[in-house]
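Asker: For the sequence shown, counting from 1, position 98 maps to 98 in this note's numbering; every step adds exactly one.
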Amino acid sequence: MFTAHAAKVDTVSVFSARMQKAVKTVVVLPEQQQIQSVLYLLHGYSGNYSNWVNNVSSLKDLVDQYGYVVVCPDGGFDSWYWDTTDDNYKYETFITKELIPFIEDRYTVGNQRVNRGITGLSMGGHGALYLAFRHQDLFAFAGSTSGGVDIRPFPENWNMKQRLGTYHENKKVWDDHTVIELTHLVQAGNLQLFIDCGTDDFFFAVNNKLHEKLDYLRIPHVYLTMPGKHDWNYWSQSIAYQMAFFEQCFLSASKIN
């Protein structure tokens, strides 16, 4: 019989040698043993490591239902999950070189790319695709919900110019740090992708543009639109679709291996 909220929630501190600080991280573990796969779930701008577990009451049920670990690292108030010239903003390095080895050692989960997925909301949706596109050796599966997948229409928002410089003076830097300009990195068939956005979201247009570009480049992906705004009402629904997608990815990979 299925028991609600049987999943275990750990809050751990992961020391980043690159940033010289401890980074709080929530780890949600299913009740069942012999877990192999991990979904890295990123928060949005002004959020923190506890957002997903505190705002989505169904998250622990979904972890138990699907049987893989969910890891929610703190990505800083406004990091966008980039490495920048500021030593306090090396979150690409943190996730790809420090967090993943920590999780795989502490929880003895699989250490192959087919055991890893990454997704997130808003800033975290951008971050998930940004990291997956740039590190296809680490991730086989990636997603985004309400993601800021093209930052360039918003040059004055969310402290991005503090991280990258102003857009009009640093266009190439902005191009190099926006998801929609990194699609050339995706090797066809190398990443399985799931992207969703609410139709009343201010990021809806840029998600449509990314979908159209992926279609044009013949990069396979799932694209889902639903009624909804840029808020937790939408994300509480979309996470169920996201996690079902990753379950199918992990199951397919386990059958092949």
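Where is the CB? At the ideal position from N, CA and C, for every residue including glycine.
Pick helix, strand or coil for P258, following the three-state DSSP scheme.
Answerer: Limits of the chain in this structure are 1 at one end and 257 at the other, which puts residue 258 out of reach.
Asker: Report all residues from its chain with a CB closer than 7 Å to the CB of Y45; omit the five preceding and five following residues, and keep chain order.
Answerer: Working through the sequence shown from its first residue, we reach residue 45 at position 45. Contacts found: D78, S122, M123, W158.
Asker: L129 to Y216, Cα distance in whole Å?
Answerer: In the sequence shown, residue 129 corresponds to position 129, counting from 1. In the sequence shown, residue 216 corresponds to position 216, counting from 1. Cα to Cα, the separation comes out at about 18 Å.
Asker: Counting only the same chain and skipping the five closest in sequence on each side, list residues whose C-beta sits under 7 Å from that of V38.
Answerer: If you number the sequence shown from 1, residue 38 lands on position 38. So the qualifying residues of the chain are Y68, V69, V71, I103, V109, N115, R116.
Asker: Within 10 Å of its beta-carbon, does D105 have 16 or more other beta-carbons around it, so buried, or fewer, so exposed?
Answerer: In the sequence shown, the residue the question calls residue 105 occupies position 105. D105 should be labelled exposed.
Asker: Taking the C-alpha atoms as reference points, what is the distance between L193 and Q136?
Answerer: Taking the first residue of the sequence shown as position 1, residue 193 is located at position 193. Taking the first residue of the sequence shown as position 1, residue 136 is located at position 136. If I take the Cα positions, the gap works out to 12 Å.
Asker: Report yes or no: do the region 194-201 and the region 213-229 share at least 3 C-beta pairs separated by less than 8 Å?
Answerer: Output reads yes: the region 213-229 touches the region 194-201.
Asker: Who are L121's beta bridge partners in DSSP?
Answerer: One-based indexing of the sequence shown puts residue 121 at position 121. Paired residues: T145.
Asker: If you draw a straight line from the C-alpha of Y91 to the C-alpha of S16, how long is it?
Answerer: Here the question's residue 91 lines up with position 91 in the sequence shown. Here the question's residue 16 lines up with position 16 in the sequence shown. Distance between the alpha carbons of Y91 and S16: 9 Å.
Asker: Could you tell me the alpha carbon to alpha carbon distance between A7 and E212, rounded to whole angstroms?
Answerer: Counting from 1 along the sequence shown, the entry for residue 7 is found at position 7. Counting from 1 along the sequence shown, the entry for residue 212 is found at position 212. Their Cα atoms are separated by approximately 38 Å.
Asker: Tell whether a beta-carbon distance below 8 Å holds between V53 and V28.
Answerer: As a working mapping, residue 53 is identified with position 53 in the sequence shown. As a working mapping, residue 28 is identified with position 28 in the sequence shown. It is a contact, given that the beta carbons lie within the stated cut-off.
Asker: Out of N51, A253, D86, H126, point me to the one whose CA is closest to P73's CA.
Answerer: In the sequence shown, counting from the first residue as 1, residue 73 sits at position 73. Residue N51 is the option with its Cα nearest to P73.
Asker: Label G189 either buried or exposed according to how many other C-beta atoms from any shown protein chain fall within 10 Å of its C-beta, with 16 as the threshold for buried.
Answerer: For the purposes of this step, residue 189 is taken as the residue at position 189 of the sequence shown. By the 10 Å Cβ count, G189 comes out exposed.
Asker: If we require 3 or more residues per run, which beta strand (DSSP E) segments fall completely within the region 182-251?
Answerer: Taking only runs of at least 3 residues, the beta strand (DSSP E) segments lying wholly in the region 182-251 are 192-198, 222-226.
Asker: Considering Cα atoms alone, identify which of Y167, L210, D87 is closest to H126.
Answerer: Residue numbering aside, residue 126 sits at position 126 when the sequence shown is read from its first letter. The shortest C-alpha separation from H126 is found at L210.
Asker: Going by DSSP, what residue range makes up the beta strand (DSSP E) through V71?
Answerer: Along the sequence shown, read from residue 1 onward, the residue named residue 71 stands at position 71. Per DSSP, V71 belongs to the beta strand (DSSP E) from 69-73.
Asker: Ends of the alpha helix (DSSP H) at K8?
Answerer: Along the sequence shown, read from residue 1 onward, the residue named residue 8 stands at position 8. Taken as a continuous stretch (DSSP letters only), K8 belongs to no alpha helix (DSSP H), being part of the beta strand (DSSP E) at 8-16.
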